[in-house]
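Protein chains in written order, with the numbering used here: chain W, 1 to 148; chain P, 149 to 426; chain U, 427 to 747; chain R, 748 to 1034.
This report concerns only the one structure given below.
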Amino acid sequence: MKKKLKIVGFLCNWCSYAGADLAGVNRLQYGHEIRIVRVPCSGRVNPMLILKCFQEGADGVLVAGCHPGDCHYQEGNYYARRRMHVLRELLDFVGIDRRRFHVRWVSASEGAKWADVVNGTIEDVRAACKEAPDSALSLRGAAGATDA
Amino acid sequence: MKNLYTPRAARVKGIVPETRDVRTLRLALEDADEPFDFAPGQFLELSVPRVGEATFCIASCPGDTEHIECSVKRVGAVTEAIHMLDLESLVGIRGPYGNGFPMETLKGKDLLFVGGGIGLAPLRGLIREVLRARDDYGALTILYGARTPADMVYKDELDVWQGRDDVRTVLTVDPGGETPDWKAEVGYVPDVLRKTAPKPDAGVAVVCGPPIMIRLTLAVFDELDFDAECILTTLELKMKCGIGQCGRCNVGPLYVCKDGPVFTYAQIKEFMEDILHI
Amino acid sequence: MIAKRDQLGAQIAELLETMEIVAPVRERGRVYFRAVRSPDDIAWDYGTSVNSIKEFFLPPRQVLFCYTSGGFKPVSAVPEKPRVIFLARPCDARALNIMDKVFLGDRPDETYAALREHATIVGLACDRPDQHCFCTSVGGSPAGTEGMDAILIPTGDGSYDVKILSDKGRAIFPDVPGDDSTVPDEFVQKAEAAIRRHITVPDNIRDSFASDYWREVSETCLKCGLCSHLCPTCHCFDIVEEGDCRVRCWDYCQSDTFTRIAAGHDHRAEKFSRCRNRVYHKFDYYPENFGVVACVGCGRCARHCPVNNGIADLVNGVDAR
Amino acid sequence: MLDELKQHVRDLLAGDVAFVVAYGESADGRTAPVLAREPADADGLVWNDRCYFNLTRYLTDRDVMGDGEAKIGIVVKGCDLKTLNVLLSEKQVKRENLAVVAVRCEGMKDADGNLLAKCETCTVADPDPSFCDRVIGPVPQREPREDDYKDVDEIEAMSPAERLAYWSAEFDRCLRCDACRNICPLCYCRECLASQHDPRWIPASSSIAGNRLFHIVRAFHLAGRCTNCGECERVCPAGIPITTLMRKMGSVVRDDFGFEPGATPDQRPPLVSFAHNDPDPEEVKAP
Chain W
1 MKKKLKIVGF LCNWCSYAGA DLAGVNRLQY GHEIRIVRVP CSGRVNPMLI
51 LKCFQEGADG VLVAGCHPGD CHYQEGNYYA RRRMHVLREL LDFVGIDRRR
101 FHVRWVSASE GAKWADVVNG TIEDVRAACK EAPDSALSLR GAAGATDA
Chain P
149 MKNLYTPRAA RVKGIVPETR DVRTLRLALE DADEPFDFAP GQFLELSVPR
199 VGEATFCIAS CPGDTEHIEC SVKRVGAVTE AIHMLDLESL VGIRGPYGNG
249 FPMETLKGKD LLFVGGGIGL APLRGLIREV LRARDDYGAL TILYGARTPA
299 DMVYKDELDV WQGRDDVRTV LTVDPGGETP DWKAEVGYVP DVLRKTAPKP
349 DAGVAVVCGP PIMIRLTLAV FDELDFDAEC ILTTLELKMK CGIGQCGRCN
399 VGPLYVCKDG PVFTYAQIKE FMEDILHI
Chain U
427 MIAKRDQLGA QIAELLETME IVAPVRERGR VYFRAVRSPD DIAWDYGTSV
477 NSIKEFFLPP RQVLFCYTSG GFKPVSAVPE KPRVIFLARP CDARALNIMD
527 KVFLGDRPDE TYAALREHAT IVGLACDRPD QHCFCTSVGG SPAGTEGMDA
577 ILIPTGDGSY DVKILSDKGR AIFPDVPGDD STVPDEFVQK AEAAIRRHIT
627 VPDNIRDSFA SDYWREVSET CLKCGLCSHL CPTCHCFDIV EEGDCRVRCW
677 DYCQSDTFTR IAAGHDHRAE KFSRCRNRVY HKFDYYPENF GVVACVGCGR
727 CARHCPVNNG IADLVNGVDA R
Chain R
748 MLDELKQHVR DLLAGDVAFV VAYGESADGR TAPVLAREPA DADGLVWNDR
798 CYFNLTRYLT DRDVMGDGEA KIGIVVKGCD LKTLNVLLSE KQVKRENLAV
848 VAVRCEGMKD ADGNLLAKCE TCTVADPDPS FCDRVIGPVP QREPREDDYK
898 DVDEIEAMSP AERLAYWSAE FDRCLRCDAC RNICPLCYCR ECLASQHDPR
948 WIPASSSIAG NRLFHIVRAF HLAGRCTNCG ECERVCPAGI PITTLMRKMG
998 SVVRDDFGFE PGATPDQRPP LVSFAHNDPD PEEVKAP
């Protein structure tokens, strides 16, 4: 049975969320495997939120914010960039496929880029799932017997 | 294989708002033909599916056969979830656990109930039981305090008790908590207790409330020269298993869940520092 | 009957077909009790193990039940294959009898009871205590057989004198004549003499409850759970929600969340009171409730304490005041 | 040397210092952290190759420090000074309340008498006097070997699936005893995220997924802060190579942000700062 992917997207309110909105207004098609959570800024995304998504069974996570230099709050995404870089390195080091977790910069005018980013992410996560179905962080898998 | 920790399914059959952060649940077990025999003062473990389990004293009395009642103050994850429950919600019940009040030794005695805040809950079951057989007991005094009049639980019942001439009911609110129309006492429970100064030979005192109130109230009883054997208190320390195995609710060698929650002051005096550490 | 290591190994290989075998194995230079795949994994000549065998009776994580649409479905934590625990030291085996008091008392824990019933314990008399071992001070012996179904007594040269102690033991060693189950005096004396650490549990320990001693000796404690997790008699647990299930898992009394309620009150908020409770639980409350000290002198708390402040020293020091 | 240390501690205790965190002996005669409170307590202090404890751990221990307003003394090695610098830069201790006594160090040894790995590559055996109030002992003669990060490289050379398998086996053994966290001088959070009940970020029980999460979160929280004292790995009863995880984090902040944790007492921790030319998380580094 082909499993339906679940990808959580954290989108900054000012750029990426608006970019996704633009993609919608322009009726651009992209994968529906993504669920979007709007956040004020990519700098708001605590790594714990990302890990929690995996814990609850997400197959992939995408964090998207304004391009570095364009942050609505001047520098929020610079902090995010550092943190997400460290987190990606760490997850990779413990063997969690880095294709499951992406950090992309999408501006309010980049509707088409948003569609590409989502499709690219879905493709990557699908490829990762093909090699290992579980993110290795999911507690749903580890919780033992669950009600069918 | 079954285990001790699998609860019995129950449904919420009634919800009574008591104060802004306390509500009383009326619960009915799904397997109602299986008995749920309890004594006043015993407690149960109430589960909210996928949230957790917490310990609550049974606020109803054995005579209330229709429902089991628990009063729940909203303080943490489980109690928060309990406050979100609707009628007919599924919950889990384990118990009853604990020893309960020594009803036989209370018979024929003058009784003084001292309660604070949500601490009236375990006393309420006992008071109801006592009032059911009023003639079996001596003089009854109820001293109950809360932060403000609005924080008092079981308001209807307080009215009933106040209206009875065979019960002396003293209500008090914390200094600063009184409203313009508040007619009763103003002062912390231990201070009001000192003022009302019951006699040491008054019979048995039963105390329940927040830890600080219990501690200060017991100190007042010491001042008033009460016999520590004649003071009962019902403790609620953190519990998990409810059956004396998980190891956290002990007071010295005694487990609140198994040997309590009702203790005489004499039993726990030695370990006061370890129980009511503030 | 004298059996050689390779004979026992061959027997274990045979048992592995129908049973789960737990035995000491070497990992990163230290010895742990683990389920083994082959007798070759076994560290026959081990001295002390890091973990005790309690995890095979009180699992570190046990799913109690799962939620269904209309209620609660209990989950069994008992493995299908029966289990044999090989080469358990007398201290660890005896600890099970001590835990029985809690879990097989007036409200028997079904899982614990089943896991106890399910397991056969083949002990190994101890001729390799280290400087932290003090079993003889708390009612145990390096040659003790409490809690065992059979015992192997090392006779040197990789041979063992096998003694049967119960029917379960006989089922594992059907060829051993069961007429003699005593450990030879000579071994007992030599083994007991090899225990170098001795502690005193004062009779009047209760009198020190209010002493400043507890503040002083607990100063450097980190409040971690290392000693509790390795202790063969520590059995405190937590009950938590995980996903769609409720889980019982190990907990430890030094933890900040052990006694703290949701409203914030913590009746043992200070380090010293937790430390004191830990010592009293083992050496005062447990004897009062169950007639036996909840310590078998395995020495793990001292051996592994991150700051070298073991329970043995804490209780031993009480009397010195 | 030990006499000089004892005398200095004695003098401190005779003065305005409430207590000195130092190395002494446990009741069973092993080297252990002690709190010297009276001048006479200084007699029991020790200095030997088993003084591996990083005593700065106690500087944020609320049961020990109380309100933290009293002046106290602490005995440190050069490596511990790095941790102290992190604590100072994170404003967890007040420098003016501390009498820092540094001891020159020839390296610490494990139970088998082998020099600890961190000591082989130590470059701070002779502590920087500007970070402390007193330096005691003869100048060490040891030549440090250059840190080759072999442990980290070995794991990076594995395929992702091998890495996952490797760490799964390690994390599976974790008992969740919290010893690594509780001995860590930089795990000073009043309420650890791993213990929080509401929300429950990390499961309380020991399972591979939960344990993995615990160690990932701990490594992340120590990224750019950990000074590699190695206490976590030393105390781990399961022998999990925690320092390898920490060293990987250390190499990321060093290589990508040019940051050395604990180098000075007034650094801005790297994860609460940034540079305009930081690498992009999606950038794949050349192997």
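Where a beta carbon is used, it is the ideal one built from N, C-alpha and C, also for glycine.
Only a predicted model underlies this, so the values are computations on that prediction, with no experimental measurement involved.
Residues in the same chain with beta-carbon distance under 8 angstroms from residue i, minus the five sequence neighbours each way, listed in chain order, please.
i, result
"P:Gly400", "Ile416, Glu418, Phe419 and Asp422"
"R:Glu751", "Ile883 and Gly884"
"R:Arg797", "Arg777, Thr778, Met855 and Lys856"
"R:Asp894", "Thr868"
"W:Leu87", "Pro47, Ile50 and Phe101"
"R:Leu835", "Arg842, Pro1012 and Asp1013"
Going along the chain, which residues of its own chain have a beta-carbon closer than 7 angstroms to the beta-carbon of residue i, five neighbours each way excluded?
i, result
"R:Leu992", "His962 and Ala966"
"R:Arg910", "Ile902"
"R:Ala761", "Pro786"
"R:Gly1009", "Lys829, Thr830, Asn832, Val833 and Thr974"
"U:Thr685", "Asp692, His693 and Arg694"
"P:Ala176", "Ala158, Arg159, Lys161 and His215"
Quick one: residues in its chain with C-beta nearer than 6 angstroms to the C-beta of residue i, no 5 flanking neighbours on either side, listed in chain order?
i, result
"U:Arg702", "Trp640"
"W:Ala188", "Nothing in the structure corresponds to residue 188 of chain W, since chain W is present only between 1 and 148."
"U:Ser478", "Asp518 and Pro658"
"W:Asn13", "Arg38 and Pro40"
Are the Cβ atoms of residue i and residue j separated by less than 8 angstroms?
i, j, result
"P:Val410", "P:Leu380", "yes"
"U:Leu656", "U:Val476", "yes"
"R:Asp810", "U:Ala728", "no"
"U:Leu513", "U:Pro450", "yes"
"R:Leu1043", "R:Tyr770", "With chain R covering only 748 through 1034, there is no way to say anything about residue 1043 of chain R."
"R:Cys939", "R:Cys979", "no"
"W:Gly65", "W:Ser16", "yes"
"U:Val504", "U:Cys492", "no"
"U:Pro713", "U:Val722", "no"
"U:Thr646", "U:Val609", "no"
"W:Ser135", "W:Phe54", "yes"
"U:Ile511", "U:Ile547", "yes"
How would you write the range of the alpha helix (DSSP H) that residue i sits in, first residue to last?
i, result
"U:Ala597", "Asp593 to Ile598"
"R:Glu909", "Pro907 to Asp919"
Would residue i be called buried (16 or more neighbouring beta carbons within 10 Å of its own) or exposed?
i, result
"R:Gln1014", "buried"
"R:Ser877", "exposed"
"P:Glu166", "buried"
"U:Ile428", "exposed"
"R:Gln754", "exposed"
"P:Gly243", "buried"
"R:Cys852", "buried"
"U:His661", "buried"
"R:Val748", "Note on residue identity: the sequence assigns Met, not Val, to residue 748 of chain R. R:Met748 comes out exposed."
For the beta strand (DSSP E) that contains residue i, what are its first and last residues?
i, result
"W:Trp105", "Phe101 to Trp105"
"U:Val722", "Note, U:Val722: premise wrong, no beta strand (DSSP E); not H, not E."
"P:Ser482", "The structure shown does not extend to residue 482 of chain P, since chain P spans only 149 to 426, so no value can be given for it."
For residue i, would you say it is in contact with chain A, using Cβ-to-Cβ distances shorter than 8 angstroms as the test?
i, result
"P:Gly224", "The structure shown has no chain A; the protein chains it does contain are W, P, U and R."
Interface residues of the region 936 to 956 of chain R facing chain P [CB-CB below 9 angstroms]: His944, Asp945, Pro946 and Arg947
What residues from the region 639 to 670 of chain U come within 7 angstroms of chain R, judged by C-beta to C-beta, listed N to C? Glu645, Thr646, Leu648, Lys649, Cys650, Gly651, Leu652, His655, Leu656, Asp664, Val666 and Glu668
Taking beta-carbon pairs under 8 angstroms, can you tell me which members of the region 678 to 689 of chain U lie near chain P? Cys679, Phe684, Thr685, Arg686, Ile687, Ala688 and Ala689
Using a Cβ-Cβ cut-off of less than 8 angstroms, list which residues of the region 977 to 1010 of chain R approach chain W; keep chain order. Leu992, Lys995, Met996, Val999, Val1000, Asp1003 and Phe1004
In the region 772 to 786 of chain R, which residues sit with their C-beta less than 8 angstroms from some C-beta in chain U, listed in chain order? Of all residues in the region 772 to 786 of chain R, Ser773, Ala774, Asp775, Arg777, Thr778, Ala779, Pro780, Val781 and Leu782 have a Cβ within less than 8 angstroms of some Cβ in chain U.
Could you list the residues in the region 692 to 703 of chain U with a C-beta less than 9 angstroms from some C-beta on chain P, going in chain order? Asp692, His693, Arg694, Ala695, Glu696, Ser699, Arg702 and Asn703
Could you please tell me which residues of the region 70 to 82 of chain W, in chain order, have their CB closer than 8 angstroms to any CB of chain R? Glu75, Tyr78, Tyr79, Arg81 and Arg82
Output needed in chain order: residues of the region 913 to 930 of chain R with a Cβ under 9 angstroms from some Cβ in chain U. Arg920, Leu922, Arg923, Cys924, Asp925, Ala926, Cys927, Arg928, Asn929 and Ile930
Taking a cut of 8 angstroms between CB atoms, which residues from the region 487 to 502 of chain U lie near chain R? Arg487
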